[in-house]
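No gaps in the numbering here: position 61 of the sequence shown is 60 in numbering that gives the first Met the number 0, and each next residue is one more. Every residue, glycine too, gets a C-beta built ideally from N, C-alpha and C. Only a predicted model underlies this, so the values are computations on that prediction, with no experimental measurement involved. Everything below concerns the one structure shown next.
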Amino acid sequence: MAKIIAISHSNLSLAEIAYRSLKSKIFELSYMPGQKLSESELSESLGLSRTPLRQALQRLQHEGLLEAQPKVGWLIPPLNFDRLDALYDFRILIECFAIRTFCLSEAPSDNLGELIKIWKVKGSTRVQDQAEMCALDESFHTSIVGLASNPEVSKTHREITEKIRIIRRLDFTKISRIGATYQEHDQILKAIYARRSDEAQRLITAHISQSKLEVRKITLEMLYEAHCSADRKSNKTKSRQKQS
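This is how it looks when you write it as structure tokens:
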């Protein structure tokens, strides 16, 4: 049990520790898409009993990060780029709808004040931490959809966001994407503030489309590196076995 406790915080439950550890490994592609996981192996590697481990696994299953395989164990869902593309395209439709609705309404542009303050910053005042940037970016797009003042639209957007969160966060593994996001968000907000609906929709469409392309590229690069790393480990193991 020493392994997992060494990286834990005293105020966290064992189930929460297991959840965070496993989720981190999934995000980092330490567990490959399509890979099968057994509870016995996970229990041993994390140094945890089955009960908190199973609670963590079920939580990850609920979030769509794992699939239960009867009599086999658990499966990291294979990547489906066609499905991801469809979800990104749906996001574009929803956010364009929200922008169009707001720009045609009589709602005051002053409602955008706080958003503009967040994204109209430069240099050292910009967020650089990846996790913080992911949360900030998600909040931006949630706020854009909120401009439509339509609870059902906001609910659908949240559901889509949950489904692509695991992959979206890769966008900010490149520092250049953080700077680009600040600039693009600022331009989008300026257009919405001025009620230039067509321009704002064009900008947010380009913004989300570029993010989709970057995420796909980064994912493929990470998968390639993960496969190469696995091959290197396998070759080293075979070499040691031959020598012995």
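Is it true that the CB of residue j sits closer than 9 Å to the CB of residue i?
| i | j | result |
| --- | --- | --- |
| Lys-216 | Asp-84 | no |
| His-156 | Ile-93 | yes |
| Lys-162 | Gly-63 | yes |
| Ile-187 | Ile-159 | no |
| Ile-203 | Ser-108 | no |
| Cys-102 | Arg-194 | yes |
| Lys-189 | Ile-98 | no |
| Phe-96 | Ala-55 | no |
| Leu-65 | Ile-117 | no |
| Leu-169 | Glu-213 | yes |
| Tyr-181 | Lys-121 | yes |
| Gln-209 | Ile-174 | no |
Put residue i into one of helix, strand or coil per three-state DSSP.
| i | result |
| --- | --- |
| Gly-72 | strand |
| Lys-235 | helix |
| Ser-12 | coil |
| Leu-47 | coil |
| Leu-64 | coil |
| Lys-2 | Any reading at Lys-2 must be qualified, since the residue scores a pLDDT of 41, below 50, and its modelled position is unreliable; no value is offered. |
| Ser-7 | Confidence at Ser-7 is low in this model, with a pLDDT of 42, below 50, so the placement of that residue should be treated as unreliable; the coordinate-derived value is given next. Ser-7: coil per DSSP, three-state reduction. |
| Gln-54 | helix |
| Met-221 | helix |
| Tyr-30 | coil |
| Gln-127 | coil |
| Val-144 | helix |
| Ser-104 | coil |
| Val-120 | coil |
| Ala-205 | helix |
| Lys-173 | coil |
| Leu-212 | helix |
| Arg-194 | coil |
| Asn-149 | coil |
| Leu-111 | helix |
| Leu-78 | coil |
If contacts are defined as beta-carbon pairs under 8 Å, then residue i and residue j qualify, I think. What distance do you get, rounded to the angstrom?
| i | j | result |
| --- | --- | --- |
| Leu-47 | Lys-22 | Their Cβ separation, rounded to whole angstroms, is 15 Å, which puts Leu-47 and Lys-22 out of contact at 8 Å. |
| Gln-129 | Ile-75 | Actually they do not touch by this definition, with Cβ atoms about 21 Å apart. |
| Leu-45 | Ser-20 | 6 Å |
| Ile-177 | Arg-125 | 7 Å |
| Leu-36 | Thr-218 | That pair is no contact at about 20 Å. |
| Gln-51 | Ala-14 | Looking at the sequence shown, residue 51 is not Gln but Pro. Going by Cβ atoms, the distance from Pro-51 to Ala-14 rounds to 4 Å, so yes, they are a contact pair. |
On a CA-only basis, which of the options is nearest residue i? Give me that one, please.
| i | options | result |
| --- | --- | --- |
| Arg-90 | Ile-207, Ser-228, Leu-222, Val-214 | Ile-207 |
| Arg-82 | Ala-179, Arg-239, Ile-166 | Ile-166 |
| Pro-69 | Glu-38, Arg-125, Tyr-87, Ser-196 | Glu-38 |
| Trp-73 | Arg-53, Phe-80, Tyr-87 | Arg-53 |
| Ala-17 | Leu-41, Thr-141, Leu-36 | Leu-41 |
| Glu-137 | Ser-123, Arg-164, Lys-241 | Arg-164 |
| Gln-200 | Leu-11, Ala-179, Thr-100 | Thr-100 |
| His-140 | Ala-67, Met-221, Tyr-87, Met-31 | Tyr-87 |
| Met-31 | Glu-220, Ser-12, Val-152 | Glu-220 |
Please find out if some non-hydrogen atom of the ligand COA comes closer than 8 Å to the beta-carbon of residue i.
| i | result |
| --- | --- |
| Leu-219 | Inclusion of the ligand COA in the displayed structure is not the case, the ligand content being empty and no account of it being possible. |
Going by DSSP, what residues sit across from residue i in a beta bridge?
| i | result |
| --- | --- |
| Leu-36 | Trp-73 |
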